[in-house]
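Read the structure below first, then the notes.
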Amino acid sequence: MKNTILHILSANGHGNLVSTICMKDSSLLMAHNVRNETPFHQAARFGHKNTISELIRCTKSAFGEDGLTELLRKKNCLGETALHEAARHGHGAVISTLMEEDLELAGLVNDDSVSPLYLATARGSLDMVHNMVMKMLDHQITPAFYSGPKELTALHAAVLLQNQGMEDTIIHILSANGHGINLVATICTKDSSLLKAHNVRKETPFHHAARFGHINTISELIRCAKSAFGEDGLTELLRKKNCLGETALHEAARHGHGAVVSTLMEEDLELAGLVNDDSVSPLYLATARGSLDMVKNMVAKMLNHEITPDFYSGPEKQTALHAAVLQDIGT
Numbered sequence: 001m002k003n004t005i006l007h008i009l010s011a012n013g014h015g016n017l018v019s020t021i022c023m024k025d026s027s028l029l030m031a032h033n034v035r036n037e038t039p040f041h042q043a044a045r046f047g048h049k050n051t052i053s054e055l056i057r058c059t060k061s062a063f064g065e066d067g068l069t070e071l072l073r074k075k076n077c078l079g080e081t082a083l084h085e086a087a088r089h090g091h092g093a094v095i096s097t098l099m100e101e102d103l104e105l106a107g108l109v110n111d112d113s114v115s116p117l118y119l120a121t122a123r124g125s126l127d128m129v130h131n132m133v134m135k136m137l138d139h140q141i142t143p144a145f146y147s148g149p150k151e152l153t154a155l156h157a158a159v160l161l162q163n164q165g166m167e168d169t170i171i172h173i174l175s176a177n178g179h180g181i182n183l184v185a186t187i188c189t190k191d192s193s194l195l196k197a198h199n200v201r202k203e204t205p206f207h208h209a210a211r212f213g214h215i216n217t218i219s220e221l222i223r224c225a226k227s228a229f230g231e232d233g234l235t236e237l238l239r240k241k242n243c244l245g246e247t248a249l250h251e252a253a254r255h256g257h258g259a260v261v262s263t264l265m266e267e268d269l270e271l272a273g274l275v276n277d278d279s280v281s282p283l284y285l286a287t288a289r290g291s292l293d294m295v296k297n298m299v300a301k302m303l304n305h306e307i308t309p310d311f312y313s314g315p316e317k318q319t320a321l322h323a324a325v326l327q328d329i330g331t
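Residue 1 is where the sequence shown starts when you use UniProt numbering, and the numbers rise one by one after that.
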């Protein structure tokens, strides 16, 4: 690796010796190994917050603020800064220290177009993500700040841990996990277009929240969408279909999440009449899984609504009634 002595000390967290060495030869702060890593990369990877602080102090003393900024933005052979290293390995204190010195670090992506925020979200570190987002609130950000791999869109920010490779946005992640309601609102305030972003399965954040039954997240997404796009914009978003032709209501009905079904239908009853690519309606899915209370609730909401055969459509010309018979659901 051809590490310098400063690389080695930084990797092992010997902050006091870092100071002594830098006083002898400050040029070592700028030295990189064969992977183009600086001592900052090494200290950040192993979470040595005190060493990072000492490296920052020494750099400011030797090269000034501009020199520190230049050094913090140095990229390794993967195009990653020290902030990427800290985010990937879950070192929140190091992240805070680095971002306090240079917020623009959060907008520098690696060679795969991955941002530090993407990495923090991908590892499921909600506190770390929250801290990073809060630091960005008063800062002008670009899509690069939450960029993810493969350049599917400029909005892709993180990968859902259970679905590697689906290129979900950070809102997809938070929606699927049902936590960080305030964080969802904060991020949507910064960029409401994330509400419309879809992954490679054409799923919106609504699909994710509905699948896992996160009623509070669904409610927050609805509120944010109304605020950003109005009632018509919300309706358009709720009717978005994934690659199987399914809406968020299909997801909620299939997985038996009655509260989510109720909330979605209160916003748009026509959702119940949208069938998937196999001509299956949400009511059919609810009936097929034997969720009597959910079926009763859905039917009750439709009573004063003009319905078409699509509302109770099933596969191969079956209907919800066929499903009810198969499940032996009573009236």
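Don't be surprised by glycine CBs; every beta carbon is placed ideally from N, CA and C.
This structure is a prediction, so every number in the text was calculated from the model and none was measured.
Look at the stretch 269–301 and you find these whole runs of alpha helix (DSSP H), each 4 residues long or longer: 282–288. Within a 10 Å sphere around the beta-carbon of A300 sit fewer than 16 other beta-carbons, which makes this residue exposed. Across the structure, H305 and L285 are spaced so that their CA atoms are roughly 20 Å apart. The alpha carbon of E203 has as its nearest neighbour, out of T97, K75, H172, the alpha carbon of H172. Secondary structure at S313: strand, using DSSP grouped into helix, strand and coil. V109 and M302 have their C-alpha atoms roughly 49 Å apart.
Scanning its chain for C-beta atoms nearer than 7 Å, with the 5 sequence neighbours on each side dropped, one finds around T217 the residues S175, G178, I181, V184, A209, in chain order.
Cβ atoms of I222 and K190 stay farther apart than 8 Å, at about 18 Å. Residue state for A197 is assigned as coil, using DSSP reduced to three classes. E85 counts as buried, since at least 16 other C-beta atoms from the protein chains shown sit within 10 angstroms of its C-beta.
At least 7 Å separates the beta-carbon of L249 from that of P205. In the three-state scheme derived from DSSP, where H, G and I count as helix and E and B as strand, V114 is classed as coil.
In the structure shown, C77 adopts coil according to DSSP, grouped into three states.
A direct Cα-Cα distance of roughly 19 Å separates D66 from M23. In the three-state DSSP reduction, F145 falls in the helix class (H, G or I). Spatial neighbours of K240 in its own chain (CB-CB distance under 6 Å, excluding positions within 5 residues in sequence) are listed in chain order as T204. The count of Cβ pairs closer than 8 Å, one atom from the stretch 222–234 and one from the stretch 243–258, stays below three, leaving the stretches out of contact. Taking every protein chain shown into account, the CB of G258 has 16 or more other CB atoms within 10 angstroms, so this residue is buried.
With 16 or more other CB atoms across the displayed protein chains lying within 10 angstroms of its CB, S125 is buried. Taking a C-beta distance under 7 Å as the contact criterion, F46 and A82 do not qualify as a contact pair. Under the three-state reduction of DSSP, F46 is assigned to coil, being neither helix nor strand.
Around the beta carbon of P309, a 10 Å sphere encloses fewer than 16 other beta carbons of the protein chains shown; the residue is thus reported as exposed.
Annotation: the continuous alpha helix (DSSP H) that includes H207 extends over 205–211. When the five nearest sequence neighbours on each side are left out, the beta carbons in the same chain lying within less than 6 Å of the beta carbon of H91 are those of G47, in order along the chain. DSSP places S125 outside both helix and strand once states are collapsed to three, so it counts as coil. In terms of Cβ geometry, G64 and D111 do not form a close pair [threshold 7 Å]. Rounded to the nearest angstrom, the gap between the Cα atoms of A288 and K196 is 30 Å. Secondary structure at L108: coil, using DSSP grouped into helix, strand and coil. Of all C-beta pairs linking the stretch 66–77 to the stretch 9–26, fewer than three are shorter than 8 Å, placing the two stretches out of contact. Across the set V34, E54, K49, the C-alpha of E54 shows the shortest separation from the C-alpha of N16.
Of the candidates L274, L9, K226, the residue whose Cα lies closest to the Cα of I52 is L9. N12 and T38 have their C-alpha atoms roughly 14 Å apart.
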